[in-house]
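Residue numbers (the UniProt record's numbering): 1 to 278.
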């Protein structure tokens, strides 16, 4: 998902958004994200199960993940209200965030809301996101000959055509992914060729800390990533076998299916779904 944030006086943004939406309406291709391409790179068979067969596996609830997802939704709801110009109150924010309510860990709700309050009222947040910054709706971008993809981060485009991505983190630390940042750079640079640098800021919410990395068009990782994207998409288009990478099975959510034929997997899956509907 791409959430574009630009200063109000940058009128060109609305025009750009209109062009993006028109391009999406005409587009016939499948939409690819960094996650999809990475999944195929890790294991062709997992890509098939997850994105072609759309096989869903049951996952044990993880407290940290549900907590993080709910906090992310609260932040998203907050920025949506700002975009609409509505009065921001906590009741409305909570109502808009109900789909990601941590049902398995309801005791975390008050803590999540407290963290969210501390975030939006912090001096750092107020300086980074003043009231004259508007957040645009989620869209996808058409990138001819490369990919059709989305960016899972908040994107601020400055008047000097530099770009800052904000990625909210609820853990104690985070790992920098240079290839993912390069992927985002290629998308944004294609959208607006004058964009020459992209910075990602990992906002460690509970620690009021930011970790920052910047790349430009001459970075080695940008050139490497462009070749990787094109090569991987060509492989996906040609693939009919979807071989398994057995080296990654240990921590894969689909590992229980690896010894079965695809037809057997799908039959068991649909039988289970039908039973649940009765």
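By construction, the Cβ of each residue, glycine as well, lies at the ideal position given by its N, Cα and C atoms.
Alpha-carbon spacing of residue 232 relative to residue 248, whole angstroms: 18 angstroms
Pull up the distance between the alpha-carbon of residue 113 and that of residue 33, whole angstroms please. 30 angstroms
Top-ranked residue by Cα proximity to residue 168, from 255, 75, 239 and 43: 75
Helix, strand or coil, according to DSSP, for residue 210 in the structure here? strand
Apply the 10 Å Cβ neighbour rule to residue 200 and answer buried if 16 or more other Cβ atoms are within range, or exposed otherwise. buried
Could you check whether residue 93 and residue 254 sit closer than 8 angstroms to each other, using their CB atoms as the reference points? no
Could you give the first and the last residue of the continuous beta strand (DSSP E) run that contains residue 55? Here residue 55 belongs to no beta strand (DSSP E), and DSSP marks it neither H nor E.
My understanding is that residue 220 touches residue 196, with C-beta atoms under 8 angstroms, so please give their C-beta distance in whole angstroms. Rounded, the Cβ-Cβ distance is 16 angstroms, inconsistent with contact.
Limits of the beta strand (DSSP E) - the one that residue 203 falls within: 197 to 204
Provide the residue(s) that pair with residue 168 in DSSP beta bridges, ordered along the chain. 203
Please classify residue 163 as buried or exposed, where buried requires at least 16 other C-beta atoms within 10 Å of its C-beta. buried
In chain order, which continuous runs of the alpha helix (DSSP H) of length 4 or greater are located wholly inside the segment 58 to 93? 63 to 84
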